[in-house]
Amino acid sequence: MPGEDGQEDRLGALAGPMRAAAARFGTPLYLTDEAAIEAAAEELRGAFPDPWIRQYSVKANDVPAVIAMVCADGRGLGANVVSRGEWAAARNAGIPNDRISLEGVGKTDADLRSAVQAAREGSPLLWIAVESTDELAALARIAGRARVAGRADLPTPLEVLLRLNPEVAPETHDSLAVGAGGSKFGMTETELSEGVDRFAAAPGLRLRGIHVHVGSQLGAVDAWRDGIRRGLALLGLIRGGLDDFDTLDVGGGFPVGRADETVPAPARFARELPDLLETIPADRRPRRLAIEPGRYLVARAGWIVGRVLHVRARGGRQVVIDAGMAEIIRPALYGARHDIVALTSLGRPVDDDRSTGAGGSGSGAGDDDSTAEVHGPICESTDALGTHDLPPLRRGDLVAIRDAGAYAASLSMTYNGRPRRRHVVVRLDA
Ligand SMILES: Cc1ncc(COP(=O)(O)O)c(C=O)c1O
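The opening position of the sequence shown corresponds to residue 6 in this note's numbering, with each subsequent residue numbered one higher.
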């Protein structure tokens, strides 16, 4: 059954394939469940149907096979990238430039040149979103030079969105609240309007609209709504003098809840739009609306399979596994919690119902508590994965970390000499 966030628990279907993958490829490993990606993409399309432009934020998971799955033909998703590296990953996944949008907090001149060059070659990106007037000035300079050095004009202008800092207080972890005033993300309304005034006629560029992203893992719709309201109002004002300025990209941020959490589904966010649009005169509304979610599309689909290394009595049961902050840094970075389930207990496969310790009969470490503090293998005490209900475990047992498809593999590291991990994709017929 789908949860509050519209996504279903697939543990029952995946426990067997995860054990098989661990036996074949070793642990730790990332596993991606294609059916979960498909379901999330459908849910998103239902909430934001065409003609919404749906761009997958590749930063959530940049494994080319995953990008290709998310953006497969027929799903109607393009790719939103933040660097030339992600752009190359999207191209490797088979996505053409006209379905790729480039944003990113720290674009270098080389990044900007690449975007201009693609337009000059007649294969422009969908758009580039700029973060500051400095960046817009640099882009205009590069596009202007390309025009002089190359043909009489760029065959196709490079379309540009300007990122607005909506100055809202998002309902999320401080580290994910990028739309807060004073943050390093985007421009103030004044800066953005000045940027439009200065560069509306810049050769080779076509200023098309506003980009807003209030934050990630939003626990409520309020800040999202406020951010969009500001974006719409400013876009409406600017459109009065610049008819082309007709696009509003409202960013990502749709949350993925744990089993014990209630979070709004994409459809709940989408319900805010009609009323917001009504407040703007019809001829000042955006002609194009876009979203760029990352986490929602891939988080649920991803699992990390790990193996138990130590089980000790330390006041309670302490379990150390071979997966940790090198594979999933979110707990160490933001205090994020990822539920952990057992795939085997004392060497025997466990099914759906016994994968947590609820009602379990001991820990394997000399106490009768079903809870365990789980730690990763890295030489940092912040490499801790929290307290979980788990059945009896011993060295060699398999566990799985849930909802690990977003901001895990793409944030992985080789600290402590750890190799990059295998990534397995599961396609089940059922
Ligand atoms: C500008 C921008 N858009 C989209 C996203 C994707 O956010 P999420 O994965 O929460 O949907 C992010 C995440 O950091 C972002 O910074």
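Ideal Cβ positions, reconstructed from N, Cα and C, are used throughout, including at glycine. Everything numeric in this text was worked out from a predicted model, so none of it was measured.
- Taking the C-beta atoms as reference points, Gly209 is found nearer than 8 Å to Ala148.
- For Ala65, the shortest separation between its Cβ and any heavy atom of ligand 1 lies below 7 Å.
- The C-alpha of Gly127 lies about 13 Å from the C-alpha of Ser119.
- DSSP, reduced to helix, strand and coil, places Gln122 within a helical segment of the structure shown.
- Per the Cβ contact rule, the stretch 259-279 is not in contact with the stretch 382-402 (fewer than 3 Cβ pairs under 8 Å).
- Taking a cut-off of 5 Å from the heavy atoms of ligand 1, the residues with a C-beta inside it are Ser62, Ala65, His218, Ser221, Gly256, Gly257, Gly258, Glu297, Pro298, Gly299 and Arg300.
- Counting along the chain, Ala27 sits inside the alpha helix (DSSP H) bounded by residues Leu16 to Phe30.
- In the assembly as shown, Val165 is a buried residue. Its beta-carbon has 16 or more other beta-carbons within 10 Å.
- Check the Cα spacing between Gly99 and each of Ala205, Gly111, Leu82 and His178: the tightest is with Leu82.
- The Cβ atoms of Gln60 and Asn97 do not sit closer than 8 Å to each other.
- In the three-state scheme derived from DSSP, where H, G and I count as helix and E and B as strand, Pro354 is classed as strand.
- Tyr412 sits in coil when the DSSP states are folded into three classes, being neither helix nor strand.
- For the pair Val255 and Val217, the CB atoms are nearer than the 8 Å cut-off.
- Per the Cβ contact rule, the stretch 264-271 is not in contact with the stretch 28-41 (fewer than 3 Cβ pairs under 8 Å).
- Annotation for Val310: the continuous beta strand (DSSP E) segment containing it runs Gly307 to Arg319.
- By the C-beta criterion, the stretch 50-57 is judged to be in contact with the stretch 291-303, since at least 3 inter-stretch pairs fall below 8 Å.
- Spanning the alpha carbons of Ala26 and Val355 requires a straight line of approximately 16 Å.
- In this structure, Gly200 and Leu239 do not form a Cβ contact; the two beta carbons are roughly 11 Å apart against a cut-off of 8 Å.
- Burial check for Leu144: the Cβ neighbour count within 10 Å reaches 16 or more, so the residue is buried.
- Here Ser188 is exposed. Its C-beta has fewer than 16 other C-beta atoms within 10 Å.
- A Cβ-Cβ separation of about 5 Å places Pro171 in contact with Arg235 under the 8 Å criterion.
- The beta strand (DSSP E) runs lying completely inside the stretch 176-229 and spanning 3 residues or more are 210-216, given in chain order.
- In the DSSP annotation of this structure, Asp280 is not part of any beta strand (DSSP E); the continuous alpha helix (DSSP H) holding it starts and ends at Leu278 to Glu283.
- In the DSSP annotation of this structure, Tyr35 is not part of any alpha helix (DSSP H); the continuous beta strand (DSSP E) holding it starts and ends at Leu34 to Asp38.
- Counted as a single uninterrupted DSSP element, the stretch harbouring Ala73 is not any beta strand (DSSP E) but the alpha helix (DSSP H) occupying residues Pro69 to Val75.
- Remark: C-beta atoms of Leu338 and Ile285 do not approach each other more closely than 8 Å.
- Taking the CA atoms as reference points, Cys76 sits about 10 Å from Pro69.
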